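Chemist: One structure, pasted below without further comment.
In the working numbering, the protein residues as written are 113 to 305.
So this is what it looks like as C-alpha cells:
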C-alpha cells in the first residue's frame, strides 16, 4: 500500500506530462497526492509525518509552478523532499536517536550499530538523489528530467532498497522479522521419524 501511495502519483504525473504538458501534470500530481492521503485517512490507515510533509511540499512547489507558470519550482520539489529526509535523519541522530529505527523497529530487530549504518546509507543516498535531481533539472531538458523522475529515481531507489535488504539480511537473527501472520505449524516429515 505504501509503495502504491508513493508510486502512483509519479506514474500519473509522467503519463499526464506525456499526453498533455508539465503544468497539467503538476496539477494532477497535487490532486492525486491529496486523494491518496484522503483515502488513507478515510480507510483508517496511519499516515506517517513524512507523507504529510510530502503533501505540503507538492502543494507548495506544485502550486508555485502553476501560479507562476515556471517549471523550476516543480523541478526543485524532489530535491527539497530529499533534503527534508536528510534533515530528519541527521537531526534525530544529533538528538541521540535514530529516526529509521524508530519507524521500523516494529518490523525488524537489529543492533543499534546496524540501524546507525542504515541511517547513514539513507542519508548518503538522499544527498546523492538531491544532487542528481538538480543536475538533471539544470543540465538537461524537461523531457529528460521527467523520464529521470519516473525511471531513474525509482530505479535507483529500488536498487538502494535491495542493497540495504542484502545488508540487513546479514545482520538478522532468527525470528527477528515481525509479522502479523500467524506462525505456520510444522508438519512432521514422514521420511524422518
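Where is the CB? At the ideal position from N, CA and C, for every residue including glycine.
Predicted, not measured: the structure shown is a model, and the values here were computed from it.
Would you kindly work out how many angstroms separate the C-alpha atoms of residue 158 and residue 151, rounded to a whole number?
Modeler: Near 11 Å, if we compare the C-alpha coordinates of residue 151 and residue 158.
Chemist: Rounded to a whole number of angstroms, what is the C-alpha to C-alpha distance between residue 215 and residue 189?
Modeler: Going from the Cα of residue 215 to the Cα of residue 189 covers about 23 Å.
Chemist: Spatial neighbours of residue 160 within its chain, please: CB distance less than 8 Å, with the 5 preceding and 5 following residues excluded, ordered by chain position.
Modeler: So the list reads 215, once near-sequence residues are dropped.
Chemist: Alpha carbon to alpha carbon, how far is residue 129 from residue 259?
Modeler: Answer to the nearest angstrom: the Cα atoms are 10 Å apart.
Chemist: Spatial neighbours of residue 200 within its chain, please: C-beta separation below 6 Å, excluding the five flanking residues on both sides.
Modeler: Closer than 6 Å at Cβ, skipping near neighbours: 211.
Chemist: Per DSSP, what kind of secondary structure is residue 284 in: helix, strand or coil?
Modeler: DSSP places residue 284 in coil when its eight states are reduced to three.
Chemist: In this structure, how does DSSP classify residue 255 when only helix, strand and coil are distinguished?
Modeler: Here residue 255 sits in helix by DSSP.
Chemist: Identify the continuous alpha helix (DSSP H) that holds residue 166 and give its terminal residues.
Modeler: Unbroken alpha helix (DSSP H) run through residue 166: 161 to 180.
Chemist: For the alpha helix (DSSP H) that residue 153 lies in, which residues bound it at each end?
Modeler: Its alpha helix (DSSP H) spans residues 134 to 154.
Chemist: Check whether the Cβ atoms of residue 122 and residue 261 sit closer than 9 Å, and answer yes or no.
Modeler: It is a contact, given that the beta carbons lie within the stated cut-off.
Chemist: Counting Cβ pairs, one atom from each stretch, are 3 or more of them under 8 Å apart for the region 228 to 239 and the region 165 to 179?
Modeler: Too few Cβ pairs lie closer than 8 Å, so no.
Chemist: Which value, in whole angstroms, describes the spacing of the CA atoms of residue 278 and residue 267?
Modeler: Distance between the alpha carbons of residue 278 and residue 267 is about 17 Å.
Chemist: Please classify residue 303 as buried or exposed, where buried requires at least 16 other C-beta atoms within 10 Å of its C-beta.
Modeler: Note that residue 303 has pLDDT 40, beneath the 50 cutoff, so the model's placement of it is unreliable and the number below is only indicative. Burial call: exposed.
Chemist: Quick check: residue 187 and residue 245, are their CB atoms within less than 9 Å of each other?
Modeler: Cβ distance < 9 Å, so residue 187 and residue 245 count as in contact.
Chemist: In chain order, what residues of the same chain have a beta carbon less than 8 Å from the beta carbon of residue 149, not counting five sequence neighbours either side?
Modeler: So the qualifying residues of the chain are 117, 159, 163, 164 and 167.
Chemist: Buried or exposed: which applies to residue 284, given that a residue is buried once 16 or more other Cβ atoms fall within 10 Å of its Cβ?
Modeler: Residue 284 should be labelled exposed.
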